[in-house]
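A.B. asks: Per the numbering used here, the sequence shown starts with residue 123, numbered consecutively.
Every residue, glycine too, gets a C-beta built ideally from N, C-alpha and C.
Owing to the predicted nature of the structure, the values given are computational and were not obtained by experimental measurement.
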Amino acid sequence: MKRNYLLRVMALAVAVATMGASSSTPAKSGTDTAAVKGGVKLEGAIPTPARINMSSDVACARQHNTPMLSEEIVADKTGALQNVVVYVADGLGDRTFDVPTEPVVITQKGCVYQPHVLALRVNQKLEVINSDPCLHNIHPTPANNRESNKAQNAGSTVEETFAREEIGIPLKCNVHPWMRSYLAVFKHPYFAVTGKDGSFDLSNLPPGTYTISAWQEKLGTVSQKITVGSNETKTLQFVFKAKAGS
Ligand SMILES: [Cu+2]
123 MKRNYLLRVM ALAVAVATMG ASSSTPAKSG TDTAAVKGGV KLEGAIPTPA
173 RINMSSDVAC ARQHNTPMLS EEIVADKTGA LQNVVVYVAD GLGDRTFDVP
223 TEPVVITQKG CVYQPHVLAL RVNQKLEVIN SDPCLHNIHP TPANNRESNK
273 AQNAGSTVEE TFAREEIGIP LKCNVHPWMR SYLAVFKHPY FAVTGKDGSF
323 DLSNLPPGTY TISAWQEKLG TVSQKITVGS NETKTLQFVF KAKAGS
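(1) So what does DSSP say about residue 297, is it helix, strand or coil?
(2) Let me make sure I understand the geometry here. Which of 263, 328, 223 and 201 has the alpha-carbon closest to that of residue 320?
(3) Does the segment 232-246 touch the segment 177-192, meaning 3 or more C-beta pairs lie closer than 8 Å?
(4) Three or more C-beta pairs closer than 8 Å, one from the segment 335-347 and one from the segment 267-284: is that the case here?
(5) Please tell me whether residue 290 and residue 204 are closer than 8 Å, where the distance is taken between their beta carbons.
(6) Bridge partners for residue 165 per DSSP, in chain order?
(7) Relative to ligand 1, is the shortest distance from any of its heavy atoms to the C-beta of residue 250 smaller than 7 Å?
(8) Ligand 1 heavy atoms versus the CB of residue 190: any closer than 7 Å?
(9) Ligand 1 and residue 298: does the residue's C-beta get closer than 7 Å to at least one heavy atom of that ligand?
(10) Apart from the five residues on each side of it in sequence, which residues of its chain come closer than 6 Å, Cβ to Cβ, to residue 185?
(11) Short of 8 Å in beta carbon distance, which residues of its chain neighbour residue 159, apart from the five on each side in sequence? Order them along the chain.
(12) Output the boundary residues of the beta strand (DSSP E) element that contains residue 226.
(13) Any idea if residue 363 is buried or exposed, counting beta-carbon neighbours within 10 angstroms, 16 or more meaning buried?
(14) Tell whether a beta-carbon distance below 8 Å holds between residue 360 and residue 209.
(15) Excluding sequence positions up to five away, which residues of its chain have a Cβ less than 7 Å from the Cβ of residue 173?
(16) Alpha carbon to alpha carbon, how far is residue 258 from residue 297?
(17) Residue range of the beta strand (DSSP E) that residue 336 falls in?
(18) Contact defined as beta carbons within less than 8 Å: I believe residue 228 pairs with residue 250. What is the distance between those atoms, to the nearest angstrom?
(19) Give me the Cα-Cα distance between residue 288 and residue 264, rounded to the nearest whole angstrom.
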């Protein structure tokens with residue numbers, strides 16, 4: 123409750139700041155947009171990913187010539203951090219956005235979720251594909267959405283939707299305990315998941331003052347505040363510190 127209260131207070135403060143800005147620089151429609159771009163880095167020792175043991179199910183193990191590695195922390199030699207969700211956490215006020223009609227897709231192949239981290243919109247269709255010759259079950263364990271648990275036969279597709287915003291919903295399979303991915307559900311379109319180079323691009327933002335957050339499944343969330351004007355691009359760098367033993 124306390125956290126909700128604080129978030130409301132923060133939202134109010136940002137809303138006031140935004141109103142102040144827009145009264146001096148009235149927003150034009152169409153091309154009048156802002157952008158926040160940048161990268162996410164891991165500072166400190168890059169952890170060696172653990173090997174995943176799939177020997178309990180030969181249908182999974184035989185699909186891999188070399189052991190699959192844990193994707194809990196994926197960073198290259200320079201520290202560029204992959205699978206980080208970067209998003210507008212605050213500053214959009216009460217704007218609303220149409221839900222995309224295109225579904226987003228997650229695939230189970232070789233008893234691994236692809237992609238490992240997936241972002242989508244509230245009430246947007248999530249297609250979960252089973253490309254494996256074995257049974258999986260789709261078991262998201264959200265905190266703010268409805269939990270479900272569906273068995274999924276080889277070669278089939280199931281659909282899910284999430285009614286509320288929530289970042290970092292674990293998706294697991296009870297048949298194969300190593301299978302784990304994370305979903306981030308947003309009520310707006312201003313989010314990105316970092317790729318191999320750790321970069322993100324939040325474009326077509328309305329000019330304003332925003333809290334931008336970066337979420338990583340093991341390292342948590344870091345946030346920064348930024349103001350972008352119309353047709354302005356600003357750069358943000360996020361740094362996570364490698365935790366001992368992670
Ligand atoms: Cu499975």
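C.D. replies: So, from the listed chains and residues:
(1) Within the sequence shown, residue 297 is the residue found at index 175, counting from 1. It is coil, neither helix nor strand.
(2) Sequence index remark: in the sequence shown, residue 320 carries index 198 (1-based). Of 263, 328, 223 and 201, the residue nearest in Cα terms is 201.
(3) In short, these stretches touch, since the Cβ pair count reaches three.
(4) No, because fewer than three Cβ pairs between the segment 335-347 and the segment 267-284 fall closer than 8 Å, the two stretches do not touch.
(5) Counted from its first residue, the sequence shown places residue 290 at position 168. Counted from its first residue, the sequence shown places residue 204 at position 82. Against a cut-off of 8 Å, the Cβ pair of residue 204 and residue 290 comes out as no contact.
(6) Translated into the one-based positions of the sequence shown, residue 165 becomes position 43. Residue 165 pairs with 363.
(7) Taking the first residue of the sequence shown as 1, we reach residue 250 at position 128. Residue 250 Cβ: outside cutoff for every heavy atom of ligand 1.
(8) Reading the sequence shown from its first residue, position 68 is the one you call residue 190. Flag unset: Cβ of residue 190 not near ligand 1.
(9) One-based indexing of the sequence shown puts residue 298 at position 176. Answer for residue 298: yes, Cβ within range of ligand 1.
(10) For the purposes of this step, residue 185 is identified with residue 63 of the sequence shown, where counting begins at 1. Once the five neighbours on either side are set aside, the close Cβ partners of residue 185 are 232.
(11) Against the sequence shown, residue 159 aligns to sequence position 37. Cβ within range, chain order: 321, 322, 323, 324, 325, 355, 356, 357 and 358.
(12) Taking the sequence shown and counting its residues from 1, one reaches residue 226 at position 104. Run containing residue 226: 226-231, per the beta strand (DSSP E) assignment.
(13) As a position in the sequence shown, residue 363 is number 241, starting the count at 1. Flag for residue 363 reads exposed.
(14) Along the sequence shown, one-based indexing puts residue 360 at 238. Along the sequence shown, one-based indexing puts residue 209 at 87. It is not a contact, given that the beta carbons lie outside the stated cut-off.
(15) Within the sequence shown, numbered from 1, the residue matching residue 173 stands at position 51. So the list reads 189 and 191, once near-sequence residues are dropped.
(16) One-based indexing of the sequence shown puts residue 258 at position 136. One-based indexing of the sequence shown puts residue 297 at position 175. Answer to the nearest angstrom: the Cα atoms are 6 Å apart.
(17) Taking the first residue of the sequence shown as 1, we reach residue 336 at position 214. Residues 330-338.
(18) By one-based count along the sequence shown, residue 228 stands at place 106. By one-based count along the sequence shown, residue 250 stands at place 128. The pair is a contact, with the Cβ atoms about 5 Å apart (cut-off 8 Å).
(19) Walking along the sequence shown from the start, residue 288 turns up at place 166. Walking along the sequence shown from the start, residue 264 turns up at place 142. Answer to the nearest angstrom: the Cα atoms are 8 Å apart.
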